[in-house]
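To convert, take the position in the sequence shown, counting from 1, and add 144; that gives this note's numbering. These notes are about the structure you will find just below.
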Amino acid sequence: MRGHGTHLLPPPLSTITSSLAGTLTRTNKLLSVRPLHSRYSPEVGDLVVGRIVEVQAKRWRVDVGASQLASLPLSAINLPGGILRKRTETDELQIRTFFAEGDLLVAEVQQLFADGGAVLHTRSLKYGKLRNGVFVAVPGGSGGAWCGAGGRCGRLRRGRGVGRWMWCWG
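Below, the structure written as structure tokens:
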């Protein structure tokens, strides 16, 4: 049976061929091809590395390598000092002190919209602004190998997907 990334040649050949470059995946009798290069499509629970692109009222717009910018609401971050309290107008006025344009962060995908947009959160101590490390964009199948080319990479945070963004430090 033919699946995504394949097509059926007309008779008399009637064979299944690939319509794009990629890796062949076989699930029972279903043949499909995963493309070598494509945009990341976020899923709930994914750990992503992103860059703040735009600061708006009560939220940030974050580039996570997907087809659309993700949204990080002010209510979905930890305030300095780890204080859990309701967000005030003062927090809205000081929104750029938490994250500014160009800042790198690690977050978790909390929600997906029907149009493919994602909502992120950093409500854990292991998420937040990234400092003292190297930001690396690697192709899909490389995993963590790029991190160890010149030396050792102690710990690794990476986003899932075909186009991976990684943060290396340690």
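The beta carbon of each residue, even a glycine, is placed where N, CA and C say it ideally should be.
Residues of its chain near residue i, where Cβ-Cβ distance is below 8 Å and the 5 sequence neighbours each way are ignored
i, result
"Ser163", "Gly149, Thr150, His151 and Val177"
"Gly261", "Gln212, Leu213, Ala214 and Ser215"
"Phe257", "Val263"
"Asp259", "Gln212"
"Thr234", "none"
"Ala244", "Ile196 and Val199"
Distance between beta carbons of residue j and residue i, contact taken as under 8 Å
i, j, result
"Glu252", "Gly189", "7 Å"
"Ile221", "Val206", "In fact, because the Cβ distance is near 12 Å, the residues do not count as touching under 8 Å."
"Lys273", "Leu249", "5 Å"
Cutoff 6 Å; reference residue i; Cβ partners in own chain excluding five residues on either side
i, result
"Ser219", "Arg231"
As assigned by DSSP and simplified to three states, the class of residue i
i, result
"Trp290", "For Trp290, the pLDDT reaches just 39, beneath the cut-off of 50, and the residue's location in the model is therefore unreliable, leaving the point undetermined."
"Pro179", "strand"
"Glu245", "coil"
"Gly272", "strand"
"Gly298", "Unreliable positioning characterises Gly298 in this predicted model, as indicated by a pLDDT of 42, which lies under 50. The coordinate reading is nonetheless provided below. Looking at Gly298 - three-state DSSP - the assignment turns out to be coil, as it is neither helix nor strand."
"Leu174", "strand"
"Ala220", "helix"
Limits of the beta strand (DSSP E) - the one that residue i falls within
i, result
"Glu198", "Leu191 to Gln200"
"Leu152", "Thr150 to Leu152"
"Thr171", "Gly166 to Thr171"
"Ala262", "Ala262 to His265"
"Thr161", "Ile160 to Ser162"
"Asp207", "Arg203 to Asp207"
Residues near residue i in its chain [Cβ-Cβ closer than 7 Å; skip 5 each side]
i, result
"Ile160", "Arg146, Thr150, Leu152 and Leu175"
N-terminal and C-terminal residue of the alpha helix (DSSP H) that residue i is part of
i, result
"Leu237", "Glu233 to Leu237"
Touch test, the stretch 165-179 against the stretch 201-210, Cβ-Cβ under 8 Å, three pairs minimum = no
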